[in-house]
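Undergrad: Below: one structure in structure tokens.
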Amino acid sequence: MKQNCAAKAPCGIDSKDGKATCPLNGCCSSWGSCGFTDTFCTTGPGDTCQKNFGTCGIPAKPSCGQIANSATNGRHIGYYQGWNVRTRDCDKVWPSQLSTSGLTHLVYAYASIDDQTFQIKPDHPADADLYHQFTALKTDRLKTWIAVGGWTFSDPTSPTYHTWSKLASTALYRKAFVTSVVEFMTKYGFQGLDVAWEFPANPDRGGNDNDTQNMIALMKDLKQAFGSNFGLSTVLPADYVYLQGVDPLALHPYVDWFNFLSYDFHGPWELNSMFMKAKLRPHTSLLEIDNKLTPLWFNKVDASKINLGIAYYGRGFSADRNCLNVGCDAYGIGQQGSCTKQPGIMSNIEIHRLVEEKKLKPVLLKDEAVKQITWDDQWWSYDDNETAAMKLAFANTRCLGGVFSWAMDYDA
Numbered sequence: 016m017k018q019n020c021a022a023k024a025p026c027g028i029d030s031k032d033g034k035a036t037c038p039l040n041g042c043c044s045s046w047g048s049c050g051f052t053d054t055f056c057t058t059g060p061g062d063t064c065q066k067n068f069g070t071c072g073i074p075a076k077p078s079c080g081q082i083a084n085s086a087t088n089g090r091h092i093g094y095y096q097g098w099n100v101r102t103r104d105c106d107k108v109w110p111s112q113l114s115t116s117g118l119t120h121l122v123y124a125y126a127s128i129d130d131q132t133f134q135i136k137p138d139h140p141a142d143a144d145l146y147h148q149f150t151a152l153k154t155d156r157l158k159t160w161i162a163v164g165g166w167t168f169s170d171p172t173s174p175t176y177h178t179w180s181k182l183a184s185t186a187l188y189r190k191a192f193v194t195s196v197v198e199f200m201t202k203y204g205f206q207g208l209d210v211a212w213e214f215p216a217n218p219d220r221g222g223n224d225n226d227t228q229n230m231i232a233l234m235k236d237l238k239q240a241f242g243s244n245f246g247l248s249t250v251l252p253a254d255y256v257y258l259q260g261v262d263p264l265a266l267h268p269y270v271d272w273f274n275f276l277s278y279d280f281h282g283p284w285e286l287n288s289m290f291m292k293a294k295l296r297p298h299t300s301l302l303e304i305d306n307k308l309t310p311l312w313f314n315k316v317d318a319s320k321i322n323l324g325i326a327y328y329g330r331g332f333s334a335d336r337n338c339l340n341v342g343c344d345a346y347g348i349g350q351q352g353s354c355t356k357q358p359g360i361m362s363n364i365e366i367h368r369l370v371e372e373k374k375l376k377p378v379l380l381k382d383e384a385v386k387q388i389t390w391d392d393q394w395w396s397y398d399d400n401e402t403a404a405m406k407l408a409f410a411n412t413r414c415l416g417g418v419f420s421w422a423m424d425y426d427a
């Protein structure tokens, strides 16, 4: 077939150079788009999949059954938001107040990075004292780690907007970072590093096309410096828009595990969408979690290296009082919690208090494995002990290696 020089398809013969493959080994459809469903992957008579530009056909999902208990007997990780003690007027949770029963790892979020020297540093001067309180919780069964970066680290208004990309781009900058991390963890007593580079290769979050390969180089450098002295992990975005900037399979040799960000699927940002009307949908739906894990199976990621995220907070919308169920139109952002004070978000502490005060009756949405509460014009979804157990059971069936919670100070 003659190449179309003006073609701009993301993949396949009509891509810019006629050679582009799909990220994560996804399927390249006949019209040159990447995906992970029959629409993109069908082979045989009337096939829709372009061979040699990714996978054709859909790989089987990992299946272990409940009896394996891979996640139940695996890693149980809790994140702790250190800033909560200086930003909340109430419901402050100090390290000493954390319930660590059943946890294998506790992760402090977040450290920052100097945007000029590329050395790790406390996010706030007051954090140094909290570090010592935090790492004092370590035992023979509980390890204390530090996470660096985070979702606001690459905000366009942040001075660290381009920091991850710059840091990873040269061996000199990577060495400065790696050396500082080893010194930092030794000084404060941390036993591992969680790299929360959440938006590699995404231009809207300070990324560029070289990030994917440069991230591999960064993680390799960290692993070589850490040896067996420190642990190393990174996060995996659930949204394919961001996940495609990561190459999990190439990171396999360097990480102890991946934390899959299986929450925030829906939120107030959808209210401003030009493409579709915002609907009431739970931000931690198990149905969506299963679908969003699919690209990892195409990428041949080892399921035992994946930890499933469980949110200890809910998200809410305002809607028509006569239509407060999944699928109804969302009209606005939900109310804010009395202590967290973020519109559309409430900690589980605030939700449980609200349920008691208003005498609400939470409803289990079984297929989504979430709870729903409604009052006045408010619709909220969240996870509690019952739905967290359902998600843990799902993690077992998919052979996952553990679970993690965001965040312990939301449910202390």
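According to the working numbering, the sequence shown is numbered sequentially starting from 16.
Just so it is clear, CB atoms sit at the ideal spot from N, CA and C, and this is done for glycine as well.
Predicted, not measured: the structure shown is a model, and the values here were computed from it.
1) What residue from F241, S111 and G324 has the CA that sits closest to F149's CA?
2) Let's see if you can read the secondary structure: which residues bound the beta strand (DSSP E) around Q228?
3) Quick one: using the 10 Å Cβ neighbour count with 16 as the cut-off for buried, is M291 buried or exposed?
4) Skipping 5 residues on each side, what residues in its chain have a beta carbon closer than 7 Å to that of D142?
5) How far does the beta strand (DSSP E) with R330 in it extend, from its first residue to its last?
6) Reducing DSSP to helix, strand and coil, say where Y397 ends up.
7) Take G27 as the anchor and find which of G47, C42 and P297 has the nearest alpha-carbon.
8) Which of helix, strand or coil does DSSP assign to M361?
9) DSSP has N322 in a bridge; who is on the other side?
10) Which same chain residues end up closer than 6 Å to I388 when comparing Cβ atoms and leaving out the 5 residues on each side of it in sequence?
11) Leaving aside the five residues before and after F409 along the sequence, list all residues of the same chain whose C-beta is less than 8 Å from its C-beta, in chain order.
12) On a Cα-Cα basis, can you pick out the residue from Y203, L380 and R90 that is closest to S420?
13) Just to confirm, are G93 and W160 a CB contact at a threshold of 8 Å?
14) Going by beta carbon distance, what residues of the same chain come within less than 6 Å of S319, once the five residues before and after it are set aside?
15) So within the segment 130 to 179, which uninterrupted alpha helix (DSSP H) runs reach at least 4 residues, ignoring any that extend past its ends?
16) Apart from the five residues just before and just after Q432, which ones in its own chain have a Cβ nearer than 7 Å to its Cβ?
17) Whole angstroms is fine: what's the gap from Q432's alpha carbon to T299's?
18) Pairs of beta-carbons, one from the segment 234 to 254 and one from the segment 263 to 275, closer than 8 Å: are there three or more?
19) Among the residues of its own chain, which have a CB less than 8 Å from the CB of S184, if the five just before and after it don't count?
20) Under a Cβ-count criterion, where at least 16 other Cβ atoms within 10 Å of its own Cβ denotes burial, should C20 be classed as buried or exposed?
21) Helix, strand or coil for S195, going by three-state DSSP, please let me know.
22) If you check the beta carbons only, do L39 and L258 fall under 8 Å apart?
23) Between F275 and L308, which are expected to be in contact by the criterion C-beta below 8 Å, what is the C-beta distance as a whole number of angstroms?
24) Quick one: what does DSSP say D279 is sitting in, helix, strand or coil?
25) Could you please give me the residues that DSSP links to G207 through a beta bridge?
26) Please report the residue range of the beta strand (DSSP E) in which V385 lies.
TA: Considering the structure as presented:
1) Nearest in C-alpha terms to F149, of all of F241, S111 and G324, is S111.
2) For Q228, there is no enclosing beta strand (DSSP E); the residue is part of the alpha helix (DSSP H) that begins and ends at D226 to F241.
3) exposed
4) G97
5) Y328 to A334
6) strand
7) G47
8) strand
9) DSSP lists N274 and G417 as partners of N322.
10) The beta carbon of I388 is closer than 6 Å to those of L375, P377 and W395 in its chain, skipping five residues each way along the sequence.
11) Excluding positions up to five away in sequence, the list reads L301, I304, D305, L323 and A384.
12) R90
13) no
14) G416
15) 142 to 150
16) Because residue 432 is not part of the residues shown, which for the chain are 16 to 427, the question remains open.
17) Residue 432 lies beyond the residue range present for the chain, which begins at 16 and ends at 427; the question has no answer from this structure.
18) Contact between the segment 234 to 254 and the segment 263 to 275 is present, because at least three Cβ pairs lie under 8 Å.
19) N225 and N229
20) With a pLDDT of 49 at C20, under the threshold of 50, the modelled position of this residue cannot be trusted, and the question is left open.
21) helix
22) Their beta carbons are under 8 Å apart, which means L39 touches L258 by this criterion.
23) Between L308 and F275 the Cβ distance is about 7 Å, and since that is below 8 Å, they are a contact.
24) coil
25) G246.
26) V385 to W390
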